[in-house]
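Down below is the structure, laid out as structure tokens.
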Amino acid sequence: MVKIFVITYSTYNHINTVAESVVKGLEKAGVEVGRYQIAETLSEEILAKMHAAPKPDLPIIKASDLPEADGYLFGFPTRYGTAPAQVKTFFDSTGQLWASQALAGKPAGFFFSTASQHGGQEVTVFTSLPILAHHGMIYVPLGYSHPHLFDNSEVVGGSAWGAGTVANGDGSRQPSQKELEIAEAQGEQFAKVATKLAA
282 MVKIFVITYS TYNHINTVAE SVVKGLEKAG VEVGRYQIAE TLSEEILAKM
332 HAAPKPDLPI IKASDLPEAD GYLFGFPTRY GTAPAQVKTF FDSTGQLWAS
382 QALAGKPAGF FFSTASQHGG QEVTVFTSLP ILAHHGMIYV PLGYSHPHLF
432 DNSEVVGGSA WGAGTVANGD GSRQPSQKEL EIAEAQGEQF AKVATKLAA
């Protein structure tokens with residue numbers, strides 16, 4: 282069975298909520314799912330001052346775990362239009378996999394969280410693509426495959442680059458039903474692509 286890793290970093294749990302729907306879509310398409318989180322690099326003191334949410338009870342991903350999967354969906358919030366330092370630190374640890382091209386040909390996609398509608402919903406993924414390119418991985422975008430992405434009647438996170446949510450600057454907005462439906466659709470769509478590539 283095709284195995285997909287859903288790997289997240291989340292400060293206030295918005296990403297973890299979106300990830301639940303991504304997993305639902307993956308499982309709906311009949312793939313095995315491994316769920317991981319990226320290690321925190323901030324101290325407990327700093328996290329407390331940030332009023333960060335408690336971390337979920339998920340295993341910490343290690344670079345050596347990655348070859349076990351057939352594909353990957355990475356979820357994280359934006360930091361000024363790019364990935365958080367924690368995510369960069371994790372990818373910096375994959376040098377040995379890069380040297381052996383152990384991940385070449387494997388599909389990967391992204392989902393994300395931003396404070397505002399124009400806070401990096403697209404550029405956060407765009408600035409992460411060089412990582413995939415150097416590993417020889419295949420980027421699988423969501424495209425405009427879900428009708429909610431055309432909905433302008435309310436704030437709806439996500440784009441052709443992947444599912445997403447808009448959290449507000451204070452983190453008060455939680456992922457909406459429409460955003461979660463987009464995330465589920467991304468999981469299902471990604472699973473179908475990964476299954477074709479693994480055949």
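So the sequence shown is residues 282 to 480, counted in the numbering used here. Note that the Cβ used here is the ideal one computed from N, Cα and C, for glycine as well. Just so it is clear, the structure is predicted and the values come from calculations on it, not from any experiment.
Rounded Cβ spacing between residue i and residue j (contact assumed at less than 8 Å)
i: residue 361; j: residue 389; result: With a Cβ gap of about 22 Å, residue 361 and residue 389 do not count as contacting.
i: residue 455; j: residue 298; result: 7 Å
i: residue 317; j: residue 448; result: Not a contact, Cβ separation roughly 22 Å.
i: residue 320; j: residue 357; result: No, residue 320 and residue 357 are not in contact; Cβ-Cβ is about 13 Å, not under 8 Å.
i: residue 354; j: residue 285; result: 7 Å
i: residue 418; j: residue 369; result: Contact doesn't hold; Cβ gap of about 16 Å is too wide.
i: residue 440; j: residue 402; result: 5 Å
i: residue 377; j: residue 423; result: Actually they do not touch by this definition, with Cβ atoms about 30 Å apart.
Residues near residue i in its chain [Cβ-Cβ closer than 6 Å; skip 5 each side]
i: residue 416; result: 379 and 384
i: residue 514; result: Nothing can be reported for residue 514: it is not among the residues displayed for the chain, which extend from 282 to 480.
i: residue 427; result: 463 and 466
i: residue 434; result: none
i: residue 478; result: 388
i: residue 493; result: Since the first residue of the chain shown is 282 and the last is 480, residue 493 is not available in this structure.
i: residue 404; result: 362
Close beta carbons around residue i, own chain, < 8 Å, minus the five adjacent residues each side
i: residue 366; result: 322 and 360
Within 8 Å, strictly: CB atoms of residue i and residue j
i: residue 283; j: residue 476; result: yes
i: residue 344; j: residue 324; result: no
i: residue 392; j: residue 303; result: yes
i: residue 258; j: residue 429; result: Nothing about residue 258 can be reported from this structure: the residues present for the chain run from 282 to 480 only.
i: residue 289; j: residue 363; result: no
Own chain residues within Cβ distance below 7 Å of residue i, not counting five before or after
i: residue 340; result: 317
**Prompt:** Is it a yes or a no for the segment 391 to 407 touching the segment 338 to 351, going by three-plus beta-carbon pairs under 8 Å?
**Reply:** No contact exists between the segment 391 to 407 and the segment 338 to 351.
**Request:** Would you be able to state if there are at least three C-beta pairs under 8 Å between the segment 433 to 446 and the segment 456 to 474?
**Result:** yes
**Message:** Which complete beta strand (DSSP E) runs does the segment 379 to 439 hold, if anything under 3 residues is left out?
**Reply:** 388 to 395
**Unbroken stretches of the alpha helix (DSSP H), 4 residues or longer, contained in the segment 295 to 342** = Listed in chain order, they are 295 to 309 and 325 to 330.
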